[in-house]
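In the numbering used here, the protein residues as written are 6 to 439. Heads up, the thing below is written out as structure tokens.
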Amino acid sequence: MRVVKQIVIELPEQFKKQLLLWAQQFEEVVWLDSNSKTNSDTQTYGSYDAILAVDAITCIKTDWYNAFEKLEEYRKITNDWLFGYLSYDLKNDLENLTSTNHDQLHFPDLCFFQPKKIFLFRGRTLEVQYLNFVQEEIEVDVEAIKNTIRGFPAENYASKVEIKARTSEAAYLEKVKKMLEHIHKGDVYEANLCQEFYAENTAIYPLDIFEKLNIISKVPFAAFLRLETRFLLSASPERYIKKQGNKVISQPIKGTMRRSKDAVEDKKLAATLCNDPKERTENIMITDLVRNDLSRTANKGSVKVEELCQLYSFLQVHQLISTITSQVSKETEPVEILRTTFPMGSMTGAPKISAMQIIESLEDVKRGLYSGAVGYFTPEGDFDFNVVIRSILYNAAEKYVSFSVGSAITAQSIPKKEYEECLLKAKAMREVLS
Numbered sequence: 006m007r008v009v010k011q012i013v014i015e016l017p018e019q020f021k022k023q024l025l026l027w028a029q030q031f032e033e034v035v036w037l038d039s040n041s042k043t044n045s046d047t048q049t050y051g052s053y054d055a056i057l058a059v060d061a062i063t064c065i066k067t068d069w070y071n072a073f074e075k076l077e078e079y080r081k082i083t084n085d086w087l088f089g090y091l092s093y094d095l096k097n098d099l100e101n102l103t104s105t106n107h108d109q110l111h112f113p114d115l116c117f118f119q120p121k122k123i124f125l126f127r128g129r130t131l132e133v134q135y136l137n138f139v140q141e142e143i144e145v146d147v148e149a150i151k152n153t154i155r156g157f158p159a160e161n162y163a164s165k166v167e168i169k170a171r172t173s174e175a176a177y178l179e180k181v182k183k184m185l186e187h188i189h190k191g192d193v194y195e196a197n198l199c200q201e202f203y204a205e206n207t208a209i210y211p212l213d214i215f216e217k218l219n220i221i222s223k224v225p226f227a228a229f230l231r232l233e234t235r236f237l238l239s240a241s242p243e244r245y246i247k248k249q250g251n252k253v254i255s256q257p258i259k260g261t262m263r264r265s266k267d268a269v270e271d272k273k274l275a276a277t278l279c280n281d282p283k284e285r286t287e288n289i290m291i292t293d294l295v296r297n298d299l300s301r302t303a304n305k306g307s308v309k310v311e312e313l314c315q316l317y318s319f320l321q322v323h324q325l326i327s328t329i330t331s332q333v334s335k336e337t338e339p340v341e342i343l344r345t346t347f348p349m350g351s352m353t354g355a356p357k358i359s360a361m362q363i364i365e366s367l368e369d370v371k372r373g374l375y376s377g378a379v380g381y382f383t384p385e386g387d388f389d390f391n392v393v394i395r396s397i398l399y400n401a402a403e404k405y406v407s408f409s410v411g412s413a414i415t416a417q418s419i420p421k422k423e424y425e426e427c428l429l430k431a432k433a434m435r436e437v438l439s
């Protein structure tokens, strides 16, 4: 059971910064930030401005084998808030697939924890939910947060990270050509092809990097995750899936265009994206795939496309986003909705299984948490998860920093342009690291 207390915060933005800094003392941290002031138009289905969960009392870590079954069992046993992630390689639990590519990050395939302490923001109202046995710490913690000030990190961190490409430009172009051969043979209609950028023997201060990334991106699904020595610093603009009562919402992104500081040019770039046949085709294919995925748990006739190829503009890029919804019965298990829609179509392709097989054969790195999802379950069985893109992954124990980017390949793809799209998506991560 939890004790719930509501507190009015006079300076919520300042308090949020202090709260995240205060949270660094814990080994289990999930911070989810909607950046609501700059993304109000993308938050039709937003529940909170920001959420912090810290300090695990129970936890589940597992590889892909029977992972969804174990997660559902854990959710039922705890009957509480759970925070954590699903890695892309849980695909192996769903289909006859493998993940044998190079991996230096070594994140568990699935990890969720039940936090002792939760902070939920809505405007100036902070709702604190502590487990009963730590309820006496609420006032002490709130006072400590208000008095938290930034100091200098005890360790020496790299001021500039030397980033290397796992896949050369020539190799990536060749992989796109091979993917096009699969498309022309009819093996797949569309597939998301990714590549990794990395740095070895490098120590970074994760909070500092995350704050810089969030400042220059201001996206609605930003996330900071720490699980012992493993970190995710995410500036994701994309929702994977949300359950709110009997309604399920998925919002895939397909279609990307750079921004311009010149207002006239920026408007032209946005119009070009909206009218680009290739970009719209990408989005419509994945929208159809998501419709099919949601139909596996939906009440008959309840799947709807609320938005198709809608333009959303963020600080770094313009994007096309579609919103697909469904209704589910009260008897539908929350984890079953995840199991029947994962991995998300925007990071795989269509048909999904064939796309995942080809992706595995062409990519150089195991995706792991990249292309996965970070989020939470409520005690009532609702949930909300982002798509782990535009994100930096860091294994502090191994001093390994990584970020990956990808592009959707269709029959209309021009290899050079796909590579340039990858570089555009990598811009924010590269900027904050160097």
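Backbone N, C-alpha and C define an ideal beta-carbon position, used for all residues, glycine too.
Residue pairing for Asp38: DSSP places it in a beta bridge opposite Ala55 and Ala227. About 6 Å separates the beta carbon of Phe226 from that of Pro242, a gap short enough to meet the 8 Å contact definition. Less than 8 Å separates the beta-carbon of Tyr53 from that of Arg127.
The residues Leu37 and Leu125, in chain order, have a CB closer than 6 Å to that of Ile56 in the same chain once the five nearest residues on each side in sequence are set aside.
Of Val139, Glu18, Ser334 and Lys430, the smallest CA-CA separation from Lys252 is found for Ser334. Secondary structure of Asp114 (DSSP, three-state): coil.
Pairing Tyr90 with Cys64 gives a Cβ-Cβ distance that is not under 8 Å.
A direct Cα-to-Cα measurement between Ile358 and Gly191 gives close to 14 Å. Around the beta carbon of Thr277, fewer than 16 other beta carbons lie within 10 angstroms, which makes this residue exposed. At a Cβ-Cβ threshold of 8 Å, Cys279 and Leu237 do not count as neighbours.
Around the CB of Tyr162, fewer than 16 other CB atoms lie within 10 Å, so the residue is classed as exposed. Under the three-state reduction of DSSP, Ser359 is assigned to helix. The alpha-carbon of Leu95 is positioned some 31 Å away from that of Gln134.
If you look at Glu78, you'll find it in the alpha helix (DSSP H) that goes Ala72 to Thr83. Burial of Thr286 is indicated by the presence of at least 16 other C-beta atoms within 10 angstroms of its C-beta.
Across the structure, Ala433 and Lys217 are spaced so that their CA atoms are roughly 9 Å apart. In the displayed model, Ser164 falls within coil according to three-state DSSP, outside both helix and strand. If you look at Gln249, you'll find it in the beta strand (DSSP E) that goes Arg244 to Gln249. Note on the region 235-312: whole alpha helix (DSSP H) runs with a minimum of 4 residues are 268-280 and 282-300, in chain order. With respect to Gly373, Tyr93 sits close: the two C-beta atoms are nearer than 8 Å. With a minimum length of 4 residues, the unbroken runs of alpha helix (DSSP H) contained wholly in the region 338-397 fall at 339-344 and 357-367. Partner residues in the beta bridge of Ser331, as assigned by DSSP, are Val253. Each of Tyr79, Trp86, Asn71 and Leu76 was checked against the Cα of Glu100, and the nearest Cα belongs to Asn71. Contact holds between the region 26-34 and the region 147-155, because three or more Cβ pairs, one in each stretch, are under 8 Å apart. Comparing alpha-carbon positions, the option among Ile419, Ala401, Glu423 and Ser418 lying closest to Val410 turns out to be Glu423. The beta carbons of Trp86 and Gln119 sit about 7 Å from each other, so the pair counts as a contact at 8 Å. DSSP places Leu232 within a strand segment (E or B) once states are collapsed to three. In the structure shown, Glu403 adopts coil according to DSSP, grouped into three states. Around the C-beta of Gln362, 16 or more other C-beta atoms lie within 10 Å, and the residue is accordingly described as buried.
Contact annotation: the region 332-350 touches the region 293-304, with at least three C-beta pairs closer than 8 Å. Counting the other CB atoms within 10 Å of its CB gives Leu185 a total of 16 or more, which places it among the buried residues.
In this structure His187 is buried. Its beta-carbon is surrounded by 16 or more other beta-carbon atoms within 10 angstroms. Rounded to the nearest angstrom, the gap between the Cα atoms of Ile254 and Ser164 is 41 Å. Cβ contact annotation for Lys121 (same chain, cutoff 6 Å, sequence separation greater than five): Asp60, Ile62, Leu136 and Val139, in chain order. Sixteen is the threshold: when 16 or more other Cβ atoms of the shown chains lie within 10 Å of the Cβ of Asp114, as they do, the residue is buried. Beta-bridge partners of Pro120 (DSSP): Ala61.
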